[in-house]
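Chemist: Input: one structure, supplied below.
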Ligand code: FES
Ligand SMILES: [Fe+2]
């Protein structure tokens, strides 16, 4: 079952134009587009007339015209015109979904209840473009949502699965600390790698050489949003007591985890950094690097799903590195129980 009363990432901002796209989210087919006023719209991707996908229709002004016989819908999903008659059947409306555009991502609310605006993550790292530069992308994984949660909550896999790019030996050997905020359904995983070699990308872009302190602090806001706070600093210089940290370099790595079906999940990602701001070459480099990293995860999770489908019962042996993933599973389980 899906946890519906939450915000999920539905699309990259760059994907929504006046040419509609179709995306299955939480099991439902959704048509998304941008009307000529610039507003982003999500409605059920199913024409009530004969079931043709509305995403194959055409945006005309602020409306979407079905590509089969021309039923026409406004951005609230209300049918405003049918061909050949004045009267519009009352059952011809389709469901619309609240969307919020925020920097690189567009969020959707698919719950039956009213959207909880307070629960929407506020991502200043997307919107404060003077101080932060962001790049973003998306991949679809043919594996269940839970596998992606496991993958992101345990970064020790970087050392092995991503050993050609972001993985260094310390990621797997440094102990983690895990905290669970049960009231707010947040899992935090701290991994502080002190006095370790500076990865080449960071030495090239920050000017730091030799040994550095490299922190990876995860915050997983179950079910659909994940932030990794990467901090690169000279050895032995933590943030100041007032929280300021101007002597360090920061990269925020965001993931939107959005189930498509019970066995497929969208992996929306974004990287935002406070160094080399506005540098297009660094943007290009990061897009290429992260696309490769995500593809390595996609390939691994696709294989897990295929293997799991072929055996009657999946058994697991959990160890210390799994503490974050296990905490996330407990939080998700309690959310499912509370939603029932
Ligand atoms: S199926 Fe859409 S108008 Fe007929
Ligand atoms: Fe990974």
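In this note's numbering, the protein residues as written are 819 to 1158.
In this text, a Cβ means the ideal position worked out from N, Cα and C, and glycines have one as well.
The structure presented is a predicted model; accordingly, all values stated were derived computationally and were not measured.
#1: Apply the 10 Å Cβ neighbour rule to residue 890 and answer buried if 16 or more other Cβ atoms are within range, or exposed otherwise.
#2: Across which residues does DSSP place residue 1052 in a beta bridge pair?
#3: Could you tell me the alpha carbon to alpha carbon distance between residue 886 and residue 864, rounded to whole angstroms?
#4: Please give the ranges of any alpha helix (DSSP H) in the region 1051-1128, keeping only runs that are unbroken, at least 4 residues long and fully inside the region.
#5: Going straight from the alpha carbon of residue 849 to that of residue 1025, what length do you get?
#6: Thinking C-alpha only, which one of 972, 987, 988, 1123 is nearest residue 1136?
#7: What do you reckon, is the C-beta of residue 772 under 7 Å from a heavy atom of ligand 1?
#8: Three-state secondary structure (DSSP) at residue 945?
#9: Would residue 1092 and residue 931 be called neighbours here (beta carbons separated by less than 8 Å)?
#10: Counting only runs of 3+ residues fully inside the region 923-1006, write out the beta strand (DSSP E) ranges in chain order.
#11: What's the C-alpha gap between residue 874 and residue 838?
#12: In the DSSP assignment, find the unbroken beta strand (DSSP E) run with residue 876 in it and report its ends.
#13: Which of the three DSSP states, helix, strand or coil, is assigned to residue 1140?
#14: Run the CB neighbour count on residue 1145, radius 10 Å, all protein chains shown included, and call it buried at 16 or more, exposed below.
#15: Does the Cβ of residue 971 lie closer than 7 Å to at least one heavy atom of ligand 4?
#16: Can you round the beta-carbon distance between residue 953 and residue 1048 to whole angstroms, since I take them to be within the 8 Å contact cut?
#17: Here's a check: name, in chain order, each residue in its chain whose Cβ is nearer than 6 Å to the Cβ of residue 858, leaving out the five neighbours to either side.
#18: Considering only residues of the same chain and omitting the five flanking positions on each side of residue 994, which have a CB-CB separation below 6 Å?
#19: Distance check for residue 908 and residue 893, CA to CA, integer angstroms please.
#20: What are the partner residues of residue 914, as DSSP defines its beta bridges?
#21: Do you know how far the Cα of residue 996 is from the Cα of residue 869?
#22: Just to confirm, does residue 1032 get its C-beta within under 7 Å of one of the non-hydrogen atoms of ligand 1?
Modeler: Reading it off the structure:
#1: Working through the chain shown from its first residue, we reach residue 890 at position 72. Buried: at least 16 other Cβ atoms inside 10 Å.
#2: Position 234 of the chain shown, counted from the start, is the residue given in the question as residue 1052. Bridge partners of residue 1052: 1030.
#3: As a working mapping, residue 886 is identified with position 68 in the chain shown. As a working mapping, residue 864 is identified with position 46 in the chain shown. If I take the Cα positions, the gap works out to 11 Å.
#4: 1098-1127
#5: Locating residue 849 in the chain shown gives position 31, where the first residue counts as 1. Locating residue 1025 in the chain shown gives position 207, where the first residue counts as 1. When rounded, the distance between both Cα atoms is 46 Å.
#6: On the chain shown, position 318 is the one that residue 1136 refers to. Of the candidates 972, 987, 988, 1123, the one whose C-alpha sits nearest the C-alpha of residue 1136 is 972.
#7: With the chain running from 819 to 1158 in the structure shown, residue 772 is simply not present.
#8: Your numbering for residue 945 matches position 127 in the chain shown. Here residue 945 sits in helix by DSSP.
#9: Taking the first residue of the chain shown as 1, we reach residue 1092 at position 274. Taking the first residue of the chain shown as 1, we reach residue 931 at position 113. Cβ atoms of residue 1092 and residue 931: not closer than 8 Å.
#10: 923-927, 951-959, 995-999
#11: For the purposes of this step, residue 874 is identified with residue 56 of the chain shown, where counting begins at 1. For the purposes of this step, residue 838 is identified with residue 20 of the chain shown, where counting begins at 1. Whole-angstrom Cα-Cα distance: 7 Å.
#12: Position 58 of the chain shown, counting from 1, holds the residue named residue 876. Unbroken beta strand (DSSP E) run through residue 876: 876-878.
#13: Working through the chain shown from its first residue, we reach residue 1140 at position 322. Residue 1140: helix per DSSP, three-state reduction.
#14: Indexing the chain shown from 1 puts residue 1145 at position 327. Buried, since its Cβ has 16 or more Cβ neighbours within 10 Å.
#15: Ligands displayed in this structure: ligand 1 and ligand 2; ligand 4 is not among them.
#16: Your numbering for residue 953 matches position 135 in the chain shown. Your numbering for residue 1048 matches position 230 in the chain shown. The Cβ separation is near 14 Å, so there is no contact.
#17: The residue labelled residue 858 in the question sits at position 40 within the chain shown. For residue 858, where only same-chain residues beyond five positions count, the Cβ hits under 6 Å are 834, 852, 917, 919, 924.
#18: Taking the first residue of the chain shown as position 1, residue 994 is located at position 176. For residue 994, where only same-chain residues beyond five positions count, the Cβ hits under 6 Å are 1007, 1009.
#19: For this step, residue 893 is matched to residue 75 along the chain shown. For this step, residue 908 is matched to residue 90 along the chain shown. One C-alpha to the other measures close to 17 Å.
#20: As a position in the chain shown, residue 914 is number 96, starting the count at 1. Residue 914 pairs with 861.
#21: Your numbering for residue 869 matches position 51 in the chain shown. Your numbering for residue 996 matches position 178 in the chain shown. Rounded to the nearest angstrom, the two C-alpha atoms are 48 Å apart.
#22: The residue given as residue 1032 occupies position 214 in the chain shown. No - ligand 1 has no heavy atom lying nearer than 7 Å to the Cβ of residue 1032.
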